[in-house]
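Residue numbers (my numbering), protein chains in the order written: chain R, 535 to 844; chain U, 207 to 460; chain V, 207 to 460; chain S, 4 to 249; chain Z, 4 to 249.
The beta-carbon is built from N, C-alpha and C at its ideal position, and this holds for glycine as well.
For clarity, every value in this text was computed on a predicted model and none was experimentally measured.
Structure first, commentary second.
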Amino acid sequence: SSGNKADNNKLKDVTIMLDWYPNAVHSALYVAKEKGYFKDEGINLKIEMPADTNDPLKMAAVGKIDLAISYQKQVLLSRSEDIPVVSIGSYVQHPLDALIYNKSKGITRPKDLEGKKVGYASSPTSEPIIKTLVEHDGGDMSKVKMVDVGFDLMPALATGKVDALEGAYINHEYLLLKKEGVNVGKMSLEDNGVPDSSELVFVTGEKTLKSEKDTLTKFMKALAKGQDDVKKNPKSALNVLLDHENKNFKLDKKVETESLNILLPLMGDKTTPFGQQNPKQWKNLADWMYKTKITPKKVNYKDAFMNLNY
Amino acid sequence: MMKIKSFIRLYGLFAIFTVIFLIAMEAVVEAGFVPSYIIPAPSEVYRAIIDNLSSLIFVHLKVTMLELGIGFILSVVIGVILAVAMFFSKTIEKIIYPIVLISQTIPIIALSPIFVLWFGYTIWSKVAVTFLIAFFPIVVGCYDGLRSGNSEYVDLLRSMGATKWQIFTKFHVSSALPVFFSSLKLAIVYALIGATIGEWLGASEGLGYYSRRMSGQLNAAGVFAAITILSIAGIILFIIMSLIEKRLLRNRRS
Amino acid sequence: MMKIKSFIRLYGLFAIFTVIFLIAMEAVVEAGFVPSYIIPAPSEVYRAIIDNLSSLIFVHLKVTMLELGIGFILSVVIGVILAVAMFFSKTIEKIIYPIVLISQTIPIIALSPIFVLWFGYTIWSKVAVTFLIAFFPIVVGCYDGLRSGNSEYVDLLRSMGATKWQIFTKFHVSSALPVFFSSLKLAIVYALIGATIGEWLGASEGLGYYSRRMSGQLNAAGVFAAITILSIAGIILFIIMSLIEKRLLRNRRS
Amino acid sequence: MLELKDVSYTFKDGQKVNPVLQNINLTIHRGEFVSLIGKSGTGKSTILKLIAGLLHADHGSILLDDKPIKLGDVGYMPQHDLLFSWRTILDNILLPTEIKKQKKVKKQEAIQWLEKVGLAGYEKAYPKELSGGMRQRVAFLRTLLTGKNVLLLDEPFGALDALTKKEMQAWLLSIWQETKQTVIFITHDLEEALYLSDRVMLLHPDDDLEESPIPFERPRSRDLLYQQDFTRIRKKLEDRLRHDEN
Amino acid sequence: MLELKDVSYTFKDGQKVNPVLQNINLTIHRGEFVSLIGKSGTGKSTILKLIAGLLHADHGSILLDDKPIKLGDVGYMPQHDLLFSWRTILDNILLPTEIKKQKKVKKQEAIQWLEKVGLAGYEKAYPKELSGGMRQRVAFLRTLLTGKNVLLLDEPFGALDALTKKEMQAWLLSIWQETKQTVIFITHDLEEALYLSDRVMLLHPDDDLEESPIPFERPRSRDLLYQQDFTRIRKKLEDRLRHDEN
Ligand SMILES: Nc1ncnc2c1ncn2[C@@H]1O[C@H](COP(=O)(O)OP(=O)(O)OP(=O)(O)O)[C@@H](O)[C@H]1O
Ligand SMILES: Nc1ncnc2c1ncn2[C@@H]1O[C@H](COP(=O)(O)OP(=O)(O)OP(=O)(O)O)[C@@H](O)[C@H]1O
Ligand SMILES: [Mg+2]
Ligand SMILES: [Mg+2]
């Protein structure tokens with residue numbers, strides 16, 4: 535309506551870059567946008583998609599975008615490289631990453647990876663994760679063969695070129711591989727010696743945080759409202775996402791529904807409400823990353839995040 | 207009309223070959239020799255195209271062609287200017303040629319943060335990638351073409367008191383055309399690759415983006431639908447270039 | 207010795223230009239105009255190279271060069287065979303040319319699952335990408351070069367009763383060389399890009415792999431260290447090709 | 004015996020049509036030396052290309068010893084020198100030997116030939132280093148070394164000075180008297196045509212081929228040029244040519 | 004006035020060194036018609052290239068009206084026809100006009116010229132459609148239309164039949180008598196040289212330039228060719244040339 539138009543002029547542009555293309559995990563964003571929660575807070579939200587998973591952090595650091603959805607581990611890694619980014623909220627509070635493996639290769643526990651090939655996507659964290667996993671189970675990491683498979687995790691496992699994957703998600707790759715009839719199993723990381731971590735967090739640049747703290751708080755507030763709606767009615771939330779996307783890309787409804795089912799319990803519960811970040815989680819992760827030499831220096835975890843009050 | 211007829215006659219053979227190939231593929235996939243999430247059956251690809259035809263053509267192909275068009279024109283304009291500058295001045299050549307070469311040896315994905323920083327996620331980041339990939343063959347082809355002219359003709363024009371520029375326009379331009387067109391045909395195909403790669407580095411529309419999305423969903427039929435359309439577009443662009451080449455080089459003593 | 211001296215004289219200008227550029231970059235980054243995690247200061251890149259020199263050269267560059275070498279030789283051999291076959295037979299041309307074109311319009315990332323299926327993560331998947339990228343300019347350049355010969359010379363040879371093959375070896379091969387070399391110079395650079403991209407699709411060594419790993423570790427200096435070495439390698443390869451070209455085309459009436 | 008029977012040829016290029024030759028008839032006997040003269044653009048070079056098999060007659064037939072002519076039957080020297088710029092002079096003249104793979108003419112012989120035509124020491128030079136007349140001599144040698152029984156020479160001595168020309172003519176005659184090759188020779192030099200030939204054919208613009216037998220005994224001496232019989236025939240041919248002006 | 008003073012020139016190509024001209028001296032007056040003759044390969048074409056400014060003398064100087072010669076001062080016709088294959092015949096001969104941007108010679112005039120040299124109707128043809136002699140006529144016209152005061156012609160009528168040649172000679176003389184251009188003319192046809200020139204220069208292989216004035220009145224009639232004075236000079240030059248054989 536015409537009233538809205540006048541309001542539009544006063545709205546503040548906020549750009550957020552997703553971690554990957556839109557999928558079930560982003561339902562809250564689309565619902566909040568669709569229902570006008572951002573507008574209510576004076577925000578005009580623009581959603582962009584990244585080229586490379588490393589791009590969003592850098593763009594946030596230089597202030598080219600206001601917000602990025604990225605990974606907790608990446609935030610710590612960035613800070614160790616003096617890239618000035620801060621996490622202002624947790625999106626998915628626990629790992630989606632798990633060891634995904636081919637059941638027919640006789641893998642039942644991490645130790646069984648000895649003599650097997652594990653594929654990963656050029657990530658510096660994969661090897662330490664597998665090492666932690668295997669050694670926690672009393673195995674010998676030197677017997678595990680790590681294979682960098684570049685961009686494509688799924689075909690590597692599906693074609694039998696590797697026996698297990700590190701870096702694949704339980705709500706995406708796992709579901710798709712299963713759907714294609716590959717005999718896959720999953721093994722949680724945090725049950726096997728790897729510290730718990732937030733898979734996805736909201737990241738901003740230090741400068742942006744200083745100047746736009748208010749706006750960012752409002753963003754989190756509006757998003758939390760959206761997440762509430764998603765929780766209350768996952769089906770219609772998913773439809774908002776699917777409708778938005780289906781114009782040009784068909785998302786697999788069955789896969790996304792299942793994905794959302796897996797995601798919802800990980801996106802805020804009674805102990806840690808949606809968006810809240812747990813200092814202990816940050817500390818444990820930072821310690822582990824230093825111990826495993828992923829970060830060349832010890833990162834002061836307290837500088838890496840800030841919980842906004844909304 | 208004649209053109210179309212002879213076109214059909216010429217490429218009929220390829221069409222027959224294609225049909226045989228597609229039938230064979232269908233059989234291979236049906237029989238389960240190749241998993242359909244890696245190479246889909248042609249019939250599936252066909253369905254994937256038909257089901258999304260209007261969005262594939264009027265949204266994604268359109269955007270890709272726009273990126274390609276701007277990028278290609280820029281690479282021709284700037285590529286030719288660089289080649290001509292290099293042709294006229296050894297000094298410029300010594301500085302520019304290495305830079306042109308370096309620009310090609312840098313993996314484009316390594317440049318993605320820089321492009322995003324400069325251009326954001328506008329169409330210009332894709333145009334920049336298209337340009338970067340397509341201008342190289344143009345510079346090399348145009349420069350080599352300009353240098354390929356028989357010097358006896360240059361002498362003749364010099365004897366008429368022609369300026370450097372006149373010798374350039376009256377002789378070198380024409381004598382460079384064969385090599386130049388050979389490179390333009392490469393460049394137009396590379397421009398298409400460029401636009402596609404550009405879309406991987408951040409986009410929300412376009413056939414490159416579409417194929418990436420589909421690949422992320424393990425939707426091989428969708429990936430190949432985009433590839434099919436890209437291939438057809440590439441062949442058509444190449445044929446257009448070849449026809450222009452043929453027309454312009456018609457009167458050469460071959 | 208003469209060669210080296212004249213080389214220095216020729217590229218001294220570029221060297222001076224490069225030094226000025228690097229100093230300027232250093233200043234810009236120092237001053238904080240560009241964050242060093244997007245474009246690192248040249249001095250940082252230099253340190254990143256020196257600190258890892260032996261692994262960069264003797265492990266990663268070596269592997270990339272091996273992939274490039276095999277892929278380039280394959281593309282020359284197969285590219286030339288295809289071009290020659292197309293030159294001799296219109297039928298083959300009508301079938302092969304479109305296939306060659308299609309091979310170029312397919313985004314390589316879309317092919318990555320297929321490469322994985324066929325080659326796994328061996329050196330051959332990288333060779334395949336190198337080949338795929340480098341053979342296109344060779345086919346087009348060689349084919350266009352073969353067709354560019356003045357037909358009066360062909361007539362002369364025909365009048366001597368030369369077979370098709372003799373006309374080919376005694377005339378077309380030589381007259382194709384200028385255009386062919388123009389395309390070889392492109393192809394050698396593209397082969398380098400091909401090897402790099404191939405490594406992104408899964409590898410454990412090589413400069414492409416190195417740059418991707420460094421990028422994953424958000425280590426911009428490391429990324430640019432790999433890029434620097436790739437660029438130098440690219441320029442050296444290009445210069446080698448140009449020298450071979452110059453040598454072989456020495457006696458042409460220019 | 005070489006026979007052209009009712010030969011016609013038209014150049015076609017898109018819509019442009021240029022009927023050059025119509026119903027040409029010509030018989031040349033084995034070992035005969037025939038010159039072909041005529042105004043520029045009447046189709047002399049075209050006739051040679053037809054005989055060489057490079058062009059195909061629209062009508063009529065061309066027979067060599069009663070068999071249709073085919074490529075490689077005759078030695079052909081085109082009007083442009085067409086030397087291969089990337090080959091040395093020696094390799095240029097050895098080209099036909101390479102093609103026939105007979106290696107009949109060995110390197111030594113070829114070098115001797117170069118000496119005979121005044122190009123000693125130029126074996127390893129490239130065509131761009133030669134003057135116009137030198138190039139033509141090389142092209143002539145190349146044709147000679149095809150070793151064919153029929154030689155078609157399109158203005159072989161056109162760019163030569165009188166003296167070199169005279170030498171070349173003497174060479175040509177001496178070879179011809181030895182090998183008894185059939186020669187068809189295009190020239191614009193009437194004196195040359197008369198001095199060398201058994202018969203001179205004049206191609207008129209209306210495609211009429213007019214024959215003039217040259218009845219002088221062989222071997223001919225250079226003095227022949229100043230004899231009355233000779234100048235009379237020459238004068239006659241000049242008149243016939245002038246006649247074409249209208 | 005055109006002066007060559009002590010001019011020397013050597014072709015150098017890597018280690019190969021070919022000293023072609025040494026200490027050449029030659030003075031040509033305004034409006035003079037001078038022919039340059041000599042054995043093939045003595046350096047006639049090289050002299051023209053030096054005068055045209057295409058090559059630079061190693062020693063000595065070349066002056067036109069007391070000023071050092073520079074490119075564009077003279078009209079130059081090279082020995083090869085060098086027509087531009089992608090231009091029509093008309094556009095080929097209009098090339099010098101385009102270069103000078105004076106548009107002095109308009110299309111109509113150019114077409115008239117084509118008619119005069121017997122190429123009516125060929126304006127829109129491309130060089131590949133022409134016979135050897137026709138191409139040379141086009142190249143000749145192109146040089147003429149440079150409109151320069153000095154014309155350097157390298158065997159302009161070499162590929163022409165006697166008749167066409169005669170016509171072209173007549174045209175050339177008539178233009179020359181009108182415009183009083185200075186002409187340097189290379190030919191291997193002594194008769195032609197004598198008939199056209201004020202002076203014939205014979206270039207010996209030892210780089211000696213021998214001068215023969217041709218004293219006949221102008222305008223000259225064709226009958227001159229058969230007069231005793233004329234044949235005597237011709238005979239003398241022939242002897243001088245033959246002398247070079249040793
Ligand atoms: N490729 C071609 N396309 C069209 N017309 C041509 C072609 N070649 C020659 N002609 C035409 O054919 C005619 C005869 O040409 P040809 O070369 O046989 O003449 P010629 O008698 O050898 O003349 P010259 O004495 O000048 O060499 C000319 O009118 C010419 O325009
Ligand atoms: N580009 C070149 N490189 C080396 N030598 C050359 C070059 N051009 C000509 N020459 C040599 O210079 C000499 C004179 O050549 P030029 O062309 O001037 O002779 P010319 O008198 O015009 O002969 P012709 O009557 O055969 O045309 C020849 O011996 C030739 O080998
Ligand atoms: Mg002819
Ligand atoms: Mg000459």
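Can you tell me whether residue i is buried or exposed? The criterion is at least 16 other CB atoms within 10 Å of its CB, across all chains shown.
i: Y229 (chain Z); result: exposed
i: S536 (chain R); result: With a pLDDT of only 39 at S536 (chain R), under 50, the local geometry of the prediction cannot be trusted, and no value is derived from it.
i: F444 (chain U); result: buried
i: G400 (chain U); result: buried
i: P130 (chain Z); result: buried
i: D68 (chain S); result: exposed
i: D361 (chain U); result: buried
i: R459 (chain U); result: Low per-residue confidence applies at R459 (chain U): pLDDT is 49, beneath 50, and the placement is therefore not dependable, though the value from the model is reported in the following sentence. By the 10 Å Cβ count, R459 (chain U) comes out exposed.
i: S417 (chain V); result: buried
In whole angstroms, what is the alpha-carbon distance linking residue i and residue j?
i: T328 (chain V); j: G404 (chain V); result: 11 Å
i: D586 (chain R); j: L407 (chain U); result: 7 Å
i: K104 (chain Z); j: V346 (chain V); result: 40 Å
i: V626 (chain R); j: Q608 (chain R); result: 14 Å
i: D247 (chain S); j: F387 (chain U); result: 47 Å
i: S331 (chain U); j: L262 (chain U); result: 21 Å
i: V37 (chain Z); j: H207 (chain Z); result: 16 Å
i: S437 (chain U); j: K567 (chain R); result: 37 Å
i: V269 (chain U); j: A409 (chain U); result: 10 Å
i: F430 (chain U); j: H706 (chain R); result: 21 Å
i: D821 (chain R); j: K832 (chain R); result: 7 Å
Counting only beta-carbon separations shorter than 8 Å, does residue i have a partner in chain R?
i: Q423 (chain U); result: yes
i: W330 (chain V); result: no
Does the beta carbon of residue i sit closer than 8 Å to a beta carbon anywhere in chain Z?
i: Q82 (chain S); result: yes
i: E177 (chain S); result: Position check: residue 177 (chain S) holds Ser in this sequence, whereas Glu was assumed. False, the Cβ-Cβ gap to chain Z never drops below 8 Å.
i: M420 (chain U); result: no
Any Cβ of chain U within less than 8 Å of the Cβ of residue i?
i: A162 (chain Z); result: no
i: I244 (chain V); result: yes
i: K15 (chain Z); result: no
i: Y79 (chain Z); result: yes
i: I50 (chain Z); result: no
Could you check whether the Cβ of residue i sits closer than 8 Å to any Cβ belonging to chain S?
i: A254 (chain V); result: no
i: G351 (chain V); result: no
Going by the DSSP bridge assignment, what does residue i pair with across the sheet?
i: Y327 (chain V); result: Paired residues: none, contrary to the question.
i: K546 (chain R); result: R:I577
So, does the CB of residue i fall closer than 8 Å to a CB anywhere in chain V?
i: F377 (chain U); result: no
i: E615 (chain R); result: yes
i: V283 (chain U); result: no
| Contact shell at 7 Å, judged by CB to any heavy atom of ligand 4, ordered along the chain | Here the residues come out as S:S134, S:G135, S:G136, Z:K47, Z:S48, Z:Q82, Z:D157, Z:E158 and Z:I189.
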